[in-house]
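Right, one structure below, let's go through it.
Residue numbers (our numbering): 107 to 393.
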């Protein structure tokens, strides 16, 4: 059995070349959104932009397309077919795969919603997309009964559950998860060959061979949407060529540091998720 390596230094991206262009920093595609949850995919898009991706595409149901597009002019939007409830469905799959065709990294989950068709859609995307894919939020819940699909994926999958989502994935209680966070995270990553980001105070990042404990962040980040920003941020770092484990470590560090800077200026109770992308530039400067 390989010896587990503990990582203490935060990985960094290489300096940017003076003659680089937007294509040098990757294409990130984020799949998600539904009626009533257009904010989630938009926050992920903002996280990806502030994470440095050269091009960011948000693939979402056509009924929320204009709302998502109006939030930020810097990302591109891909309107997709939807079901009667304004959610993506199996007929959306060809459009998603087309959007992912030239991607360097993909994320799926923010604001996706829940349905039987979405369960089939998520399974198909997870086992089909041939670049690294970040799986978050609703996509994690949709994989609860199909977690074995992770082992058939053609590229690395990065899962970013909070303790409740991880409890559902493993069939354990939240109490058991919280009492055994590190060992359970490592075991899951080894078994399913994924990078696992188990969120919480002292977020754990592991690929089963290495483990990193994040030391940034604060209780002001305990508000809806902050996880969506992290999803976009990690996706952007992978799109720029970072190893998925390194991207997850750096992403968690920057995400928490942006939250710490925001808390200093705004107060923890006064923070909202959309503050984090605004403070990411300062987190980059401090990192």
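Where is the CB? At the ideal position from N, CA and C, for every residue including glycine.
- Residue 185 holds the alpha-carbon nearest to the alpha-carbon of residue 197 among 320, 246, 185.
- Under the 10 Å beta carbon count, residue 391 is surrounded by fewer than 16 other beta carbons and is classified as exposed.
- In the three-state reduction of the DSSP assignment, residue 305 falls in the coil class.
- Boundaries of the alpha helix (DSSP H) around residue 232: 222-234.
- When beta bridges are read from the DSSP output, residue 294 appears opposite no residue.
- In this structure, 139 is the residue among 139, 266, 153 with its C-alpha nearest to the C-alpha of residue 168.
- With a cutoff of 8 Å on beta-carbon distance, residue 303 and residue 264 are scored as near each other.
- Taking a C-beta distance under 8 Å as the contact criterion, residue 161 and residue 194 do not qualify as a contact pair.
- Shown here for residue 329: same chain residues with a beta carbon closer than 7 Å to its own, the five before and five after excluded, namely 377, 378, 379 in chain order.
- Nearest C-alpha to residue 332 among 151, 250, 118: 151.
- Linking residue 261 to residue 300 through their CA atoms gives a straight-line distance of about 9 Å.
- Rounded to whole angstroms, the gap between the alpha carbons of residue 154 and residue 335 is 8 Å.
- Going by beta carbons, residue 361 and residue 382 fall inside the 8 Å limit.
- Under DSSP, residue 135 forms a beta bridge with 163, 212.
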